[in-house]
Amino acid sequence: MSLPTLQDIDVWRGNNLPPIEWPWPDGYVATVDCQLTIWSGAELLIVADGGGSLIVDTVARKFIWSRTLAESRMIPFGRIAQYEIEDRDGGETTIFYGAVNGLGGLNLDSDEPQATGQLDFSSPYNSGNLLLGWV
Numbered sequence: 079m080s081l082p083t084l085q086d087i088d089v090w091r092g093n094n095l096p097p098i099e100w101p102w103p104d105g106y107v108a109t110v111d112c113q114l115t116i117w118s119g120a121e122l123l124i125v126a127d128g129g130g131s132l133i134v135d136t137v138a139r140k141f142i143w144s145r146t147l148a149e150s151r152m153i154p155f156g157r158i159a160q161y162e163i164e165d166r167d168g169g170e171t172t173i174f175y176g177a178v179n180g181l182g183g184l185n186l187d188s189d190e191p192q193a194t195g196q197l198d199f200s201s202p203y204n205s206g207n208l209l210l211g212w213v
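For the sequence shown, our numbering assigns the number 79 to the initial residue and increments by one for each residue that follows.
Here it is as structure tokens:
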């Protein structure tokens, strides 16, 4: 297999649809032992594997990140976070990597208490990473 593929992704914060998809590179034969890791600076934000929100679709030959609302909220606003998708069968091989561009996110989630329209920094629904794009 060749070098990892650079593919930046956009995530609309507070949305879990549509899922993000990565078509497999030519010659890649996946295992279910794959992992998506997203971090910002030194902070690990999300780890998703084939048993969680990262789907390894061997028929369609693609990875699908079917993120949760909570996962999308963890992404900081702006082009701050990075990601990697690794195959971890018998070692660690990075397949995809790139920047995660956090967009939007001003909407309230359906399970979230309705606020006064101000960003409430004491709310558990707002991550500390929200501040990174606003400062």
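Positions of the beta carbon are idealized from the N, C-alpha and C atoms, including for glycine.
Closest by C-alpha distance to residue i, when choosing among the options
i	options	result
L255	R151, G130 and G168	A query on residue 255 cannot be resolved here, the shown segment of the chain reaching from 79 to 213 and no further.
G182	Q85, N93, G105 and A148	N93
V134	I153, R145, P154 and D111	D111
D88	E164, G168, G156 and W102	G156
A138	E164, Y106, G168 and I158	Y106
Neighbourhood of residue i by C-beta, 6 Å cutoff - its chain only, sequence neighbours within 5 removed
i	result
W212	A caution first: W212 carries a pLDDT of 49, below 50, which makes its placement in the model unreliable, though a value can still be read off. Cβ within range, chain order: n/a, list empty.
Y161	I116 and V178
E164	Q113, E170 and T172
Residue i to residue j span [Cα, whole Å]
i	j	result
S118	K140	25 Å
F174	L186	31 Å
E149	I124	7 Å
W100	E121	24 Å
E170	R91	29 Å
I142	P103	14 Å
S144	S80	26 Å
L147	P97	11 Å
P154	D86	15 Å
L95	I158	21 Å
Proximal residues to residue i (C-beta, below 8 Å), its chain only, five neighbours per side dropped
i	result
T136	A108
Same chain, Cβ closer than 7 Å to residue i, five either side skipped, listed in chain order
i	result
R166	D111, C112 and Q113
L84	Y175 and G176
Can at least three beta-carbon pairs, one atom from the region 175 to 183 and one from the region 128 to 135, be found at a separation below 8 Å? no
Which parts of the region 122 to 172 are runs of the beta strand (DSSP E), unbroken and 3 residues or longer, counting only runs that do not cross its ends? 132 to 135, 140 to 143 and 156 to 165
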